[in-house]
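Structure first, then comments.
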Amino acid sequence: MKDTQAKFSKITVSLHWLVAILFIGLMAIGLYMTEFKDYALFPIHKSFGFILLLIALLRVIWRYMNGWPKPAGKYTSVEHLLAKVMHWTLIIGMLLMPISGMIMTLSEGRGLYVFGLELVASFPDPENARRMLVQNEFLAGVGESIHGIGANVMIFAIGLHLVGALKHHIIDKDGTLRRMLGQSI
23 MKDTQAKFSK ITVSLHWLVA ILFIGLMAIG LYMTEFKDYA LFPIHKSFGF
73 ILLLIALLRV IWRYMNGWPK PAGKYTSVEH LLAKVMHWTL IIGMLLMPIS
123 GMIMTLSEGR GLYVFGLELV ASFPDPENAR RMLVQNEFLA GVGESIHGIG
173 ANVMIFAIGL HLVGALKHHI IDKDGTLRRM LGQSI
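See below:
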């Protein structure tokens with residue numbers, strides 16, 4: 023069940039699309055919450071963010087065990103470089119976004135809950151139970167900055183990734199997209 027130049031394994035294809043769907047869904051929820059100040063979706067966003075991190079870690083382990091797939095076609099050195107930068111940006115982003123979200127949440131004293139299951143307890147203010155005691159203001163700020171900037175970087179990277187996939191499919195006609203859809207080329 024190894025990736026080849028002609029076909030990706032079912033595990034590779036499944037992990038790619040699962041991470042893609044989760045990530046894009048989480049981005050949509052995150053943008054909605056911050057734009058409309060509707061924070062009722064935070065528990066869902068955080069829970070699926072934690073799940074995303076676990077699946078992204080599996081994806082990284084799988085890629086490490088299988089190595090990088092060979093390109094479907096022949097490309098220039100610039101195209102190879104762009105592909106590597108893009109893949110590393112997406113890999114780092116899919117790990118850094120949930121990690122920075124957890125750093126922000128935990129540093130703000132909010133605890134870590136996954137679908138209602140408490141993994142790390144909150145630190146409520148004894149004088150006002152609706153307010154949390156900030157545990158580390160600096161780390162909370164760092165987490166928030168990384169999460170905010172990372173969201174913008176990932177929107178750009180995902181858009182560029184989609185453009186690249188369409189270029190491979192429509193212009194190069196090299197089978198790259200078909201391979202990521204589980205087909206042989």
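If you read the sequence shown in this note's numbering, its first letter stands for residue 23, the second for the next number, and so on.
Just so it is clear, CB atoms sit at the ideal spot from N, CA and C, and this is done for glycine as well.
Owing to the predicted nature of the structure, the values given are computational and were not obtained by experimental measurement.
Any idea if residue i is buried or exposed, counting beta-carbon neighbours within 10 angstroms, 16 or more meaning buried?
i           : result
residue 143 : exposed
residue 30  : buried
residue 102 : exposed
residue 72  : buried
residue 70  : buried
State the Cα-Cα distance for the pair residue i and residue j, rounded to the nearest angstrom.
i           : j           : result
residue 45  : residue 149 : 38 angstroms
residue 172 : residue 115 : 7 angstroms
residue 32  : residue 184 : 21 angstroms
residue 40  : residue 78  : 9 angstroms
residue 198 : residue 175 : 24 angstroms
residue 59  : residue 51  : 11 angstroms
Is residue i helix, strand or coil by DSSP?
i           : result
residue 158 : coil
residue 101 : helix
residue 149 : coil
residue 134 : strand
Among all the DSSP beta bridges, which residues are the ones paired with residue i?
i           : result
residue 140 : 135
*Check whether the stretch 124-139 touches the stretch 162-175, counting contact only when three or more Cβ pairs, one atom from each stretch, lie closer than 8 angstroms.*
Touching, per the Cβ criterion.
*Inspect the CB distances between the stretch 59-66 and the stretch 91-108 and report whether three or more fall short of 8 angstroms.*
Contact fails between the stretch 59-66 and the stretch 91-108, because fewer than three Cβ pairs, one in each stretch, are under 8 angstroms apart.
*Give a yes or no on contact between the stretch 27-43 and the stretch 82-96, applying the rule of three or more CB pairs nearer than 8 angstroms.*
A contact exists between the stretch 27-43 and the stretch 82-96.
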